[in-house]
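Here the structure is laid out as structure tokens; the discussion comes afterwards.
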Amino acid sequence: MIVIGTAGHVDHGKSTLVHALTGIDPDRLAEERARGMTIDLGFAWLTLDDGREVSIVDVPGHERFIRNMLAGVGGIDAVLLVIAADEGMMPQTREHLTILDVLGIRHGIIVLTKVDLVEPDWLALVRDDVGTALAGSGLAGAPLVEIAAPRGIGLGALRRAIAALCDRAAVQRSAHGTPRLSVDRAFSIAGFGTVVTGTLLDGPLRIGDEIEFTPTGLRGRVRGLQMHRRSVAEALPGARVAVNVAGVARSAVRRGDMLAPPGWIQPSERVDARLHIAADAGRPVEQNMAVDIYVGAAEVRAAVTLLDAEQLAPGSAGWVQLRLAGATPVSRGDRFVIRQPSPGVTLGGGVVLAAHPPRHRRHRPEVIATLAALARGTPEDLLCEALADGAPQSRVALARVTGLTAALLAAAIGPLVQRDVLRELGGGGAWLIAAEAWRRWAAAAVATAHGYHQAWPLRRGLPLEVLRQQTGWPDEAFGRAIAALEAAQHLVLAGDVVALPGFSPQPTASQRAQLAAWQQASAANPWAPPSFGGDDELLAWLVGHGEVVRLPGDIILPAVAYHAMVQWIGQQLRTDGQIAVGQVRDQFQTTRRYALAVLEHLDAQRVTRRIGDVRVAYRR
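Numbering (the numbering used here), first residue to last: 16 to 635.
In structure tokens:
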């Protein structure tokens with residue numbers, strides 16, 4: 016299925032033509048019918064003789080409603096350029112033609128209406144004028160059909176021309192991509208709730224699908240789908256679709272919002288693009304100029320950063336970064352139109368090359384080279400650019416950033432991995448990273464672990480959380496990266512820490528000297544040793560290895576001395592049933608402070624229990 020839009024000057028018969036072809040009046044507003052002029056978008060459909068259906072978007076022709084026109088043509092595949100024979104090419108005809116060129120619409124039919132109102136000689140002049148105006152445009156050489164819609168003249172020929180147009184404009188659309196729909200109309204129906212319409216792009220949409228509107232982030236569920244007023248369980252890309260959404264209020268949805276699966280579309284605040292200025296723009300585009308951007312059905316004010324020029328003259332092109340005034344749903348490959356806000360003039364347009372780029376400085380050769388690679392647009396180039404910042408990305412994110420289908424993505428990844436340009440993290444290639452970035456990160460991770468061992472030689476290893484915070488990577492990507500380092504025997508994972516292979520905590524030479532000095536000083540009376548000193552790392556390691564025991568009051572005893580005291584205390588309890596602090600002090604020729612610390616330690620471990628001035632065995 017394809018979508019055909021109308022285009023042309025006001026009162027040249029676009030809506031009359033659509034009504035005559037389809038039997039559907041596209042002017043749905045009472046004001047439109049009263050004034051005899053299309054104000055907003057109208058929608059209809061046509062069934063061809065071979066059973067194929069064609070969606071038709073009827074757009075307003077008046078200059079005042081150009082914003083509505085732009086919201087409608089963003090999702091069309093082909094166009095009926097309508098020109099009244101009694102007036103010929105008019106200003107809005109020419110502006111609409113410029114817009115069609117900017118949007119890359121190359122398939123269409125030129126429809127001369129009201130041919131019954133002019134003489135043959137005049138009609139011949141109009142034909143010549145139209146041919147001259149179309150020369151050099153995307154519609155140059157398009158077939159021309161002459162009609163008088165109210166009298167039915169030429170409608171059969173036009174239907175046949177539309178059938179041929181559908182053959183020429185047929186687009187291969189993936190039935191397995193991810194759907195998105197730029198909302199061009201939102202309304203509510205009693206008993207059903209919110210309904211939004213638009214042209215479905217990229218993938219199928221099904222009843223029951225969870226969806227999200229960008230940029231608002233509001234989430235809902237597809238309750239119902241209609242195509243050409245028929246309820247369907249699934250809508251395929253390329254069709255005009257009405258979506259009944261549960262869970263989202265009509266008042267919360269605006270024209271230009273993007274409907275897509277949750278998390279799929281990230282709103283943009285700047286985009287990189289190749290900008291083409293129309294030959295008839297009438298003025299150049301200058302650095303930091305304010306423009307209105309139309310992409311899909313959305314409209315947003317933006318400032319233009321010219322990356323390789325001081326200005327872009329009419330008929331020229333250049334690399335730009337567009338700084339959007341508000342978060343806008345944009346994807347790589349989207350075509351857009353720019354207009355001067357006041358007075359309203361179409362200046363040109365282009366193609367989005369990157370929807371979430373970093374801020375660029377002007378006149379940087381490396382930036383221009385990157386954008387040129389994106390413009391060439393091979394899948395390999397797109398993948399490499401998406402991973403150029405060195406961070407890993409999931410396949411889902413890469414598909415969103417590059418605009419590649421799953422099949423194209425897989426076809427590009429394989430050779431790049433084989434050539435060691437990309438590296439898969441873990442099995443299945445769910446996450447990827449640039450190979451050179453991987454080597455840098457792996458070396459840095461090993462160096463960080465080595466530095467940690469030197470700074471903290473008695474700790475088990477580098478805490479994973481410290482390393483993860485340094486990378487800022489998502490948890491899944493970080494976990495896969497650590498697993499890859501362990502598989503390559505660069506690091507050893509032990510619970511919540513990593514260490515170099517073969518590493519085991521050992522005191523340094525100075526720590527060993529400190530320990531030896533303390534042990535020597537304690538030898539005379541191990542039950543009343545001197546203070547250990549201030550090296551908490553060494554003390555924790557000695558406690559962990561069972562060489563010393565830490566008692567209340569920061570008293571440190573050699574483990575041998577402590578266990579001798581505990582053994583004697585246990586024997587006394589079995590013999591006498593109780594023991595006092597003084598007995599322990601006298602037996603081991605220590606001080607009350609040390610004896611009390613040992614007994615309080617045993618109290619805490621529920622070996623003993625204090626009753627008055629004595630301890631007894633703890634009974635469970």
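Beta carbons: idealized from backbone N, C-alpha and C, even for Gly.
Computed from a predicted model, the values in this text were never measured in an experiment.
Helix, strand or coil at residue i [DSSP, three-state]
i      : result
SER525 : helix
HIS27  : coil
ILE353 : strand
TRP542 : coil
THR393 : coil
GLU439 : strand
ILE448 : strand
PRO573 : strand
THR320 : strand
VAL126 : strand
LEU688 : Outside the modelled stretch of the chain, which goes from 16 to 635, sits residue 688, for which no answer is possible.
TRP488 : coil
LEU220 : strand
LEU557 : helix
LEU419 : coil
GLY627 : coil
ALA328 : coil
ASP40  : coil
TRP471 : coil
SER537 : helix
ALA632 : strand
GLY517 : coil
PHE58  : strand
Proximity below 8 Å, CB of residue i to CB of residue j
i      : j      : result
ALA313 : ARG265 : no
ALA332 : ILE280 : no
THR647 : ALA250 : The displayed coordinates of the chain run from 16 to 635. Any statement about residue 647 would go beyond what the structure contains.
ALA317 : VAL306 : yes
VAL352 : ILE120 : no
GLY23  : VAL88  : no
ARG347 : VAL367 : yes
ILE17  : VAL94  : no
ILE19  : ILE91  : yes
GLU161 : LEU127 : yes
THR229 : ALA275 : yes
PRO282 : ALA324 : no
GLY405 : ALA449 : yes
ILE308 : VAL315 : yes
ARG475 : ALA509 : yes
ILE594 : VAL629 : yes
ALA369 : LEU389 : yes
ALA294 : PRO329 : yes
LEU479 : VAL512 : yes
ALA538 : LEU477 : no
ASP199 : ARG270 : yes
ARG354 : VAL345 : no
Nonlocal neighbours in the same chain, by C-beta distance under 8 Å from residue i, ignoring five residues either side
i      : result
TRP533 : PRO544, PRO545, PHE547 and GLY548
GLY167 : ALA35
ARG565 : LEU554, VAL558 and ILE571
LEU240 : LEU220, ARG221, ILE222, SER246, VAL247, ALA248, GLU249, ALA250, VAL256, ALA257, VAL258 and ASN259
ARG376 : VAL382
VAL186 : ILE17, ASP92 and GLY253
PRO13  : The shown model of the chain, from 16 to 635, leaves out residue 13, and the question about it has no answer.
Contact set for residue i: own chain, Cβ-Cβ below 6 Å, skip 5 residues either direction
i      : result
VAL141 : ALA100 and GLY103
ALA172 : VAL160
THR62  : GLU68
ARG634 : none
TRP446 : PRO407, SER409, LEU440, ALA492 and ARG495
THR417 : LEU397 and ALA401
MET105 : HIS24
Cut-off 7 Å between Cβ atoms - residues of its own chain near residue i, not counting five sequence neighbours on either side
i      : result
ALA267 : THR231 and LEU233
TYR609 : TRP542, ALA543 and ILE570
HIS505 : ALA457 and VAL461
TRP137 : none
Within-8 Å CB hit, residue i to chain D
i     : result
ASP92 : Here chain D cannot be found, since the structure has a single protein chain.
### Message
Taking contact to mean 3 or more Cβ pairs, one atom from each stretch, closer than 8 Å, check whether the region 605 to 616 and the region 566 to 581 are in contact.
### Response
yes
### Message
Taking 8 Å as the cut-off, does the region 223 to 237 touch the region 285 to 301 (at least 3 CB pairs, one atom from each stretch)?
### Response
no
### Message
Across the region 413 to 433 and the region 470 to 477, are there enough close Cβ pairs to call them in contact, namely three or more that are closer than 8 Å?
### Response
no
### Query
Counting only runs that start and end within the region 150 to 205, where is the beta strand (DSSP E) found for 3 or more residues in a row?
159 to 161, 195 to 197 and 200 to 204
### Query
Along the chain, which unbroken stretches of the beta strand (DSSP E) at least 3 residues long are found entirely within the region 233 to 319?
234 to 242, 245 to 247, 255 to 261, 273 to 275, 283 to 292 and 305 to 310
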